[in-house]
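Number of protein chains: 2
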Amino acid sequence: MKKVRVSYTTSSTDFYFSASFSYLKQIVDSSRCVIITDEHVFDAHSKKFKGWNCIVLKAGEHYKVQTTVDSIIEQLIEMEADRKFTLIGVGGGVVTDITGYAASIFLRGINFGFAPTSLLAMVDAAIGGKNGIDVGIYKNMAGTIRQPSFIFYDTAFLKTLPDAEWRNGFTEIIKHACIKDAAMFRELEFYSPESFMRTGKINELIQRNAMLKAKVVKYDEFENGERRLLNFGHTIGHALENQYELSHGQAISIGMTCASHISESFTRFNETGRVVELLKKFGLPAYASFDKQKVFSVLRMDKKRQRKEINFVLLQKIGKAVVQPIELSHLEKIINSL
Amino acid sequence: MKKVRVSYTTSSTDFYFSASFSYLKQIVDSSRCVIITDEHVFDAHSKKFKGWNCIVLKAGEHYKVQTTVDSIIEQLIEMEADRKFTLIGVGGGVVTDITGYAASIFLRGINFGFAPTSLLAMVDAAIGGKNGIDVGIYKNMAGTIRQPSFIFYDTAFLKTLPDAEWRNGFTEIIKHACIKDAAMFRELEFYSPESFMRTGKINELIQRNAMLKAKVVKYDEFENGERRLLNFGHTIGHALENQYELSHGQAISIGMTCASHISESFTRFNETGRVVELLKKFGLPAYASFDKQKVFSVLRMDKKRQRKEINFVLLQKIGKAVVQPIELSHLEKIINSL
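Protein sequence lines, in the order shown, are assigned to chains H and L. The numbers in the first sequence follow the working numbering, run straight up by one, and end at 353. The numbers in the second sequence follow the working numbering, run straight up by one, and end at 353.
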């Protein structure tokens with residue numbers, strides 16, 4: 016196990032890499048904790064949860080809504096949870112988002128930590144303190160930014176991870192490579208997906224990505240600059256995700272291809288082919304036909320919009336991204352021409 | 016008009032005392048603001064709201080719930096509000112609590128300010144960044160701590176304030192006097208309520224109380240010490256408020272009398288008589304019969320509880336309060352004996 020502490024504006028997160036879930040009881044008082052997890056994780060790893068207070072949610076993005084938060088709060092009241100309780104989100108991104116949000120508002124804020132169980136949550140969702148819920152088709156419309164006290168990495172959880180979930184995780188890893196790490200991009204081009212999935216190599220890859228993201232967040236916790244780069248592929252991706260039956264990975268993958276093409280008009284980016292090839296190699300879709308008007312109506316409510324402009328993340332080259340405000344009307348034209 | 020800036024941990028609040036509501040347009044861009052108010056305030060001062068985007072809520076604590084927040088978020092989406100929008104809560108404590116909460120979670124947090132219209136909101140509720148909603152009979156069970164960018168004091172709003180609302184405000188003023196300001200306590204004993212209500216003297220009293228609270232919050236924003244003193248009378252008060260048909264002022268007034276009596280057992284406080292007399296002079300109830308078991312079941316879920324103890328605010332003398340952890344079982348005995 017390796018412990019790394021990352022400090023943010025007013026708080027810090029302890030990262031426990033290559034850890035074992037059973038060790039968690041050594042860093043917290045389990046009688047003063049409540050685990051939030053979902054049915055899938057609970058059923059697949061029920062032994063791990065013995066001796067813990069648990070709130071088990073229905074699984075899926077569909078339940079990342081206020082009603083679920085209401086139910087968590089009601090159960091915490093029943094459990095007589097007080098301000099010194101810690102919530103621990105054990106699950107994928109939906110579970111960590113809801114847990115972080117519930118902990119941020121319950122009794123005006125209690126401690127929380129995560130044990131992410133999906134690759135995507137390990138390299139992305141669990142890190143950086145953004146939490147929230149969806150409102151209708153709008154993703155993460157309500158939420159806060161508040162850092163977990165700890166993130167606990169037990170890759171044993173990945174043994175039961177479905178292939179589609181591996182792909183979701185690799186989407187964010189490829190995103191990190193695109194915006195910040197050309198060397199990792201080349202490594203991903205060189206090795207097969209399986210060579211990461213079935214070996215100890217995954218621990219190394221997870222740590223590299225977690226630290227990449229944590230470092231970006233550390234210097235721009237409230238997303239006034241650098242942190243925006245992490246939205247690469249997410250503007251169009253999010254607009255697609257809740258409208259179509261796409262996984263987060265599929266939606267963001269298509270979003271990254273779109274953003275690569277849009278970059279060509281602004282930064283003369285000329286490596287869209289490499290991005291598309293890498294996505295395909297990891298089993299992700301690069302293109303899809305979609306109702307452009309419908310996507311555009313969601314884009315207009317994107318959190319990154321300001322007046323008539325949207326801050327859009329473009330690639331200059333593999334490993335180097337920039338944020339550029341683009342007029343919505345201009346963006347609409349380019350998207351229509353894709 | 017007098018402007019005072021108070022800085023907190025990571026943000027600051029500008030207090031505009033003795034201000035005129037019409038001046039608000041000079042400090043914000045009204046096209047990028049949404050006013051949140053309630054029917055009563057909107058109807059009584061409709062002229063003031065001309066040229067502003069408004070969301071008008073049903074009036075009353077009964078509506079300080081998640082459903083109201085959901086409806087605000089839906090309306091903000093319809094208005095295409097973005098991250099640079101400012102919400103302005105114009106109303107009493109319910110409106111400022113909901114506005115602060117909605118602004119704290121919408122798009123993971125946007126700016127907000129207040130123009131409090133009740134005496135209670137002016138001297139207490141609008142200050143200090145605590146916001147939230149009730150969950151069932153539990154007050155402020157969900158919320159955050161986040162400071163308003165500005166608080167705008169226009170005492171013209173008080174001209175239409177019902178007498179019961181004046182009394183609610185004086186409850187918190189008397190609380191401030193009890194815990195922190197013996198000189199103000201003597202002043203309140205000396206002058207008649209009317210001499211504050213009908214004269215310019217009210218501006219001075221409001222500013223004194225607002226600054227008293229802001230100073231306490233400044234040095235303990237997240238309530239680890241000194242700020243707890245502001246809960247004097249609120250532990251039992253809150254347990255009474257949502258169970259009985261009591262106004263906040265009435266409930267807290269009874270709560271202060273109880274807390275004064277409880278203080279006698281712990282600190283040898285011997286001025287309960289003066290507290291009771293002052294409350295009565297300002298038209299507030301000092302005693303009430305209530306179902307002690309029912310109140311106690313709510314107390315067990317008080318936010319200030321930790322394990323089997325509750326941090327209870329006691330008076331040592333008029334103007335000097337202390338926090339003492341009291342065992343719930345011990346507290347139950349004392350309350351039963353009152």
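Glycine included, every Cβ here is placed at the ideal spot set by N, Cα and C.
Extract the residue ranges of the alpha helix (DSSP H) inside the region 95-147 of chain H, only unbroken runs of 4 or more that lie entirely within it. 108-120
With DSSP collapsed to three states, give me the class of L:Tyr38. helix
Exposed or buried, H:Thr25, counting other C-beta atoms within 10 Å across all chains shown (16 or more means buried)? exposed
Can you pull out the residues from the region 43-60 of chain L whose beta carbon lies closer than 9 Å to at least one beta carbon of chain H? Arg47
Does the beta carbon of H:Asn155 come closer than 9 Å to any beta carbon on chain A? The structure shown has no chain A; the protein chains it does contain are H and L.
Just checking my contact of L:Gln81 with H:Gln81 at CB under 8 Å: how many whole Å lie between their CB atoms? 6 Å
Name the chain L residues whose beta carbon is nearer than 8 Å to that of H:Thr25? Thr24, Thr25
Could you tell me which chain L residues have their CB closer than 8 Å to the CB of H:Gln308, listed as they occur along the chain? Near H:Gln308 there are no residues of chain L at all, since even the closest Cβ is about 17 Å away, more than 8 Å.
Taking only the alpha-carbon atoms, compute the straight-line gap between L:Ala141 and L:Phe100 and give it to the nearest angstrom. 19 Å
Between the region 299-317 of chain L and the region 130-139 of chain L, can you find at least three pairs of beta-carbon atoms closer than 8 Å? no
9 Å Cβ cutoff, H:Val150 in contact with chain L: yes
Below 7 Å between beta carbons is the criterion; list the residues of the region 93-104 of chain H that meet it against any residue of chain L, in chain order. Glu95, Asp97, Arg98, Lys99
Closer than 7 Å at the beta carbon, the chain L residues around H:Thr159: Ser119, Ile120, Arg123, Gly124, Thr159
Looking at chain L, is there any beta carbon in it that lies within less than 9 Å of the beta carbon of H:Asp112? no
What are the complete alpha helix (DSSP H) segments, minimum 4 residues, inside the region 328-352 of chain L? 343-352
Do you know offhand how far H:Asp169's Cα is from H:Asn326's? 36 Å
Extent of the continuous beta strand (DSSP E) to which H:Arg20 belongs: 17-22
Taking all protein chains shown into account, decide if L:Lys360 is buried (16 or more other Cβ within 10 angstroms of its Cβ) or exposed. Since the first residue shown for chain L is 16 and the last is 353, residue 360 of chain L is missing from the structure and cannot be characterised.
Start-end ranges of the beta strand (DSSP E) lying completely within the region 235-274 of chain L, minimum 3 residues: none
L:Gly147: buried (16+ other C-beta within 10 angstroms of its C-beta) or exposed? buried
In whole angstroms, what separates the C-alpha of H:Ile221 from that of H:Leu203? 13 Å
I'd like to know if the region 221-240 of chain H and the region 187-196 of chain H are in contact, where contact means that at least 3 CB-CB pairs between them fall below 8 Å. yes
Does any CB atom of chain H fall closer than 9 Å to the CB of L:Gly147? yes
Look up H:Tyr153 in the DSSP assignment and give the residues it is bridged to. H:Val150
With DSSP run on the structure shown, which of helix, strand or coil describes L:Leu176? coil
In angstroms, rounded to a whole number, what distance separates the CA positions of L:Glu219 and L:Glu187? 15 Å
What is the C-beta distance between H:Ser164 and H:Gly128, in whole angstroms, given that I count them as a contact (C-beta under 8 Å)? 5 Å
With DSSP as the reference, label H:Val80 as helix, strand or coil. coil
Report, in whole angstroms, the separation of the C-beta atoms of H:Thr282 and H:Leu346, which I expect to be a contact under 8 Å. That pair is no contact at about 15 Å.
What's the call for L:Ala179, buried or exposed, on a 16-neighbour Cβ count within 10 Å? exposed
Taking 9 Å as the threshold (beta carbon to beta carbon), is L:Glu219 in contact with chain H? no
Using a Cβ-Cβ cut-off of less than 8 Å, list which residues of the region 242-264 of chain H approach chain L; keep chain order. none
Could you check the C-alpha separation between L:Asp53 and H:Ile42 for me, to the nearest Å? 47 Å
Taking one C-beta from the region 89-98 of chain L and one from the region 89-100 of chain H each time, how about it: are there three or more such pairs within less than 8 Å? no
Which residues mark the beginning and the end of the alpha helix (DSSP H) in which L:Asn218 is found? 216-233
Taking 9 Å as the CB-CB limit, is L:Asp139 close to chain H? no
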